[in-house]
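Residue numbers (mature numbering (1 follows the signal peptide of the UniProt record, and there is no 0)): -21 to -1, 1 to 89.
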């Protein structure tokens, strides 16, 4: 029984791999001056994975009302958020603990 369950789990895990492989991975850094880079340009209808590294000595919260995520990152820590697929438009993200620290994802057709 255990082997059968393990086999089913393995099959379903492998079946979901292509969905994650199709995500665009974005690297984002937070320092004392803000996000680097401050803006990204992406094609429409792509799911994305954003990895944020907090290079500051303060807790931060990566948040976006537009992309519907909110996640806390500890000082010198790293987080990952998943969002999308996104339609053409502009999507704002920010540090909820320092609302003047903002960035933009531009989604536009090629």
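Quick reminder that beta carbons are idealized off the backbone N, C-alpha and C, glycines included.
Task: DSSP state of residue 62 mapped onto helix, strand, coil - done: Residue numbering aside, residue 62 sits at position 83 when the chain shown is read from its first letter. The answer is strand: DSSP assigns residue 62 an E or B state.
Open item on the list: Using the three-state DSSP reduction, which class does residue 53 fall into: helix, strand or coil?
Closed with: For the purposes of this step, residue 53 is taken as the residue at position 74 of the chain shown. In the structure shown, residue 53 sits in coil (DSSP, three-state: anything other than H, G, I, E or B).
Open item on the list: Less than 8 angstroms between the beta carbons of residue 60 and residue 29, yes or no?
Closed with: Stepping through the chain shown from its first residue, residue 60 is reached at position 81. Stepping through the chain shown from its first residue, residue 29 is reached at position 50. Going by C-beta atoms, residue 60 is nearer than 8 angstroms to residue 29.
Task: Rounded straight-line distance, which links the Cα of residue 38 to that of residue 49 - done: To locate residue 49, count along the chain shown from 1; it is residue 70. To locate residue 38, count along the chain shown from 1; it is residue 59. When rounded, the distance between both Cα atoms is 13 angstroms.
- [ ] Starting from the C-beta of residue 80, find all residues in its chain whose C-beta is less than 7 angstroms away, skip the five residues before and the five after it, and write them out in chain order.
- [x] The sequence position of residue 80 within the chain shown is 101, counting from 1. Excluding sequence neighbours, residue 80 sits near 13, 14, 73 and 74.
Open item on the list: So residue 84 and residue 70 are supposed to be a Cβ contact under 8 angstroms. How far apart are they, rounded?
Closed with: Translated into the one-based positions of the chain shown, residue 84 becomes position 105. Translated into the one-based positions of the chain shown, residue 70 becomes position 91. With 8 angstroms as the limit, residue 84 and residue 70 qualify as a contact, their Cβ atoms being about 4 angstroms apart.
Task: Beta-carbon contacts of residue 157 that lie in its chain and below 7 angstroms, excluding the five residues immediately before and after - done: Beyond the ends of the chain as shown, which are -21 and 89, falls residue 157; an answer cannot be given.
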